């Protein structure tokens, strides 16, 4: 049997706000908080669902939950978004009523997730099949694509929808989805070029850079480093909980499922990359001969790569950024753009390119998911649009968003009242007019075609002459000053003249959700949303597959001189179409609320929720629902729930359900003015009456539970007694059987024992007889064995004696043979000694004779041979000693083995020189070209400064690095690096000495092959640029300081302000590179003159100043200091060098 449940069962707080008693804003918030604390995030206001964002995953969206809410009455289970989705789907399927689900709320309240839940529920409960599943999958996979291109991280929400979306899902007569149509409203395209602090650009930019393969990025000419793109904010580039790389793969997969081709995906990514490249294009001013400023692209590399991506000629786009063509009938005027206008044109192109790409994506998705059949379809619309927005700074975007919410509130009240009235008429209940705040007057203030704010804004945008935001505000003060919902500081209504909370550049509108202060700054520009025709035509000339479709107005053969519609008028038209669409459908509402601004679970901020309750108009909604009857229920479920309260209807009512309810209400003596009978429902006016019925039902259930317990306990006791009685009979029968079995076992056991004893006695007797017989046989065997043993041992002793006698004879014979052999051996040895003595004596005699003969010739040649032999031996020993004592291969190693004899001095020195030259050659062969250049600079520095300047010895061990600022890699100096066209050979921080006070100012010194550039260290702005041919000499002192003077050629363009007196920590390297490069840069090949003296003259504008170096006690640490003595003398104090 199915258990009937209800919204009122196990209720935490009040599940339906219509039943809240007493009704106040505080009780409303307290009920929301109580349910939120118990993870009940859904609450009803009649058929409206309030959804609180839990900021965490809850186990209430499982397939089991889907089945639980499937085909159930709306109020049958606890509040859930599935109940509303099921009610809408069943009304569409069974009653053939087109439905719309309106999801509203502010950013971060969970609107997008709510729309996903509705679509996933409908996809789960509708039919199955290969084609149906394909359609459902395409509808669901359209969400990741639109989220990637239309959502962004904001301070309120990590996945905030920055556009409004309305999707019509089309069904056949069986309720199976056939396709859908998506409409988008007001993409926040200003986010493409600028994001508030703490927010990001659209997700797709970060997903592309993080998730695309290296090969894809190379084809798109992109780099993974976010900091290289001006349109991407860096303070929130990485978001916790968002994996951009994984999301990119998900988006590509979703695009393939929806039906995008590979070339279409590639084209879309190329446009995204082009937007990033577009943001890196920078401009610099350039003066023309007619005293007008013209903009020029500073670095053309990004412009070139963007043109390659889009297939545009670089010169065409570059001209479009520098000139603007205005056409009027037969006249055409071309004007130059200054830098500010060029940046405006660049940003306008980026915004339009991305906005039109997004619209193309929506159109392309619609082509894939639209229904293929031509027959009539049932439609369910899902609207996910911005909620009412009240920020500290409210601009044009908030104005039109709040206008849309005013229209939604208007249609909400109208449709709610219409639904109430239709139900009353359908049920035969008398309809009474309900008083409520009608916001039509606010909508008229905004959208009136003659004197509405939007009409005034369009009129101001189209008016010739000077048009500014201030003139627009003046017009509003003139036209709308008397309106009761419009306030301005300068309006004709004098009561606001002293309102200091209202700035001069703002106006205030009293919306249904409260007062909102709008700043008019940017209203006119944002409403115009102009894109110069030159840029449109340049885009149309691109060979990219999408550009002609995105910029059709750029077609030169179809030039339209008519001004395009404004952004406000387009949005007003879209909202009007949306309202007409919604009025043809049965509405279902989901009001989303975020509990806190921290995006954290378990936190309920009452003030924030109260603010949202007010501007969502929830209290107004409750009052409208309660203005007539607070609760209504069909007769069947009502009788089923409350029939136990009357004896006549309990436990079963045999008649019609309405009659049973009438009997029930009469028996309970409920006042007749508290309820009314409709055709199929009972209507209860006051929630107290419903709570009275619930309390009586709860008491009755307790009484019924007590009665059920009593009957159950009696049945249980009787059953237990009968069971005991039956068990006693069984136990007695089993015991008697057991006793007889035990008696039989004892008799049987005794018989067995007697038998065993008799058999044992017989067996033991037989055993004794057998043992005696066996012992007799064993005695005979033992005696025979002893006798045989005695005989064997006697024979053994005899044999052993014979063996011993034979062995003694053998030993004696062996000793005799040995004695004979040793005697013979001694004889042979004695004979051999005699023969050897004779041979030795003969040899000695022969040697003596030979020596006597040889003595005659020895005295003549012995000395020379001994000398040559001795010399050869000494040389051999010397070379071996040198070989073993060779020093290391380092050219600076001066060790060498000592010579052993003085006559080897020349050879010793020659060998040392040869070895040194050989190892120097080996050492040089290991050098790279860069290292050779460094050593050449070191050699040049030695020639210039060795024994001439005290600072030189300390610089020998320091490598010449050149670029000490890493100017090409450091983003801080990116702008400065772009100003220098040649390769930077030296980049260092120096101090420029001021002749007025002798103090230094930090400057960046850049040295290229043609110029010496001085730039400000903080801003990177170029202060001076000196061509190397204009540099005639450099002056330095002989002491341990870093001061040097650059003397310029008189009359040159660089010498307008005179010479430069500078101080550097890398003086030796700087002067060496200047000397080397100055020689090569000189037209006549003359070398740059290096003057080393403790006194030299420096030309400052028209005056010559003497710079004098003196030694003094250390001050300011251990560095040199400069001080002005008079107008003609600068004195530099150099600390004395310590030993």
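Residue numbers (this note's numbering): 3 to 1141.
Glycine residues also receive a C-beta, built at the ideal position from the N, C-alpha and C atoms.
Note that the structure is a prediction, hence the values are computed from the model and not measured.
Among the options, nearest to residue i - alpha-carbon criterion
i, options, result
"residue 364", "552, 824, 299 and 462", "552"
"residue 196", "234, 205 and 22", "234"
"residue 272", "355, 480 and 627", "355"
"residue 893", "876, 921, 1005 and 722", "921"
"residue 905", "876, 898 and 930", "876"
"residue 448", "473, 716 and 481", "481"
"residue 1002", "1014, 1124 and 751", "1124"
"residue 446", "491, 696 and 405", "405"
"residue 2", "1098, 1110, 1005 and 1092", "The structure shown does not extend to residue 2, since the chain is modelled only from 3 through 1141, so no value can be given for it."
"residue 1054", "429, 1033, 1067 and 936", "1033"
"residue 557", "535, 578 and 871", "535"
Local Cβ density within 10 Å of residue i, reported as buried at 16 or more and exposed below that
i, result
"residue 130", "exposed"
"residue 452", "exposed"
"residue 496", "Here residue 496 scores only 39 on pLDDT, less than 50, and its place in the model should not be relied on; the value that follows carries that caveat. That one is exposed."
"residue 1122", "buried"
"residue 236", "exposed"
"residue 525", "buried"
"residue 1017", "buried"
"residue 328", "exposed"
"residue 217", "exposed"
"residue 138", "buried"
Straight-line Cα distance separating residue j from residue i
i, j, result
"residue 511", "residue 990", "58 Å"
"residue 760", "residue 754", "10 Å"
"residue 570", "residue 359", "20 Å"
"residue 757", "residue 777", "31 Å"
"residue 336", "residue 322", "11 Å"
"residue 374", "residue 171", "13 Å"
"residue 51", "residue 509", "34 Å"
"residue 498", "residue 108", "Bear in mind that a pLDDT of 47 at residue 498, under 50, signals an unreliable position, so the number given afterwards is only what the model happens to contain. For residue 498 and residue 108, the distance between alpha carbons rounds to 30 Å."
"residue 1138", "residue 1115", "7 Å"
"residue 416", "residue 261", "40 Å"
"residue 110", "residue 265", "35 Å"
"residue 692", "residue 189", "47 Å"
"residue 568", "residue 459", "9 Å"
"residue 142", "residue 241", "25 Å"
Residue i (DSSP reduced to helix, strand or coil)
i, result
"residue 498", "The pLDDT assigned to residue 498 is 47, lower than 50, so where the model puts this residue is not dependable; a value taken from the coordinates is nonetheless given after this. In this structure, residue 498 counts as helix in the three-state DSSP scheme."
"residue 93", "helix"
"residue 1108", "strand"
"residue 981", "helix"
"residue 102", "strand"
"residue 2", "No statement about residue 2 is possible, as the shown extent of the chain runs from 3 to 1141 and does not include it."
"residue 1132", "strand"
"residue 288", "strand"
"residue 589", "strand"
"residue 1097", "strand"
"residue 780", "helix"
"residue 45", "strand"
"residue 271", "helix"
"residue 233", "coil"
"residue 381", "strand"
"residue 903", "coil"
Run of the beta strand (DSSP E) containing residue i, from where it starts to where it stops
i, result
"residue 1146", "This structure leaves residue 1146 out entirely; the chain is present only between 3 and 1141."
"residue 298", "295-299"
Any C-beta of chain C under 8 Å from that of residue i
i, result
"residue 286", "Absent from the structure is chain C; it holds one protein chain and no more."
First and last residue of the uninterrupted alpha helix (DSSP H) at residue i
i, result
"residue 114", "113-127"
"residue 921", "907-926"
"residue 257", "246-260"
beta-carbon residue i near the ligand SAM non-hydrogen atom, thresh 7 Å
i, result
"residue 402", "Of the ligands one can find in the structure shown there are none, so the ligand SAM has no counterpart to examine."
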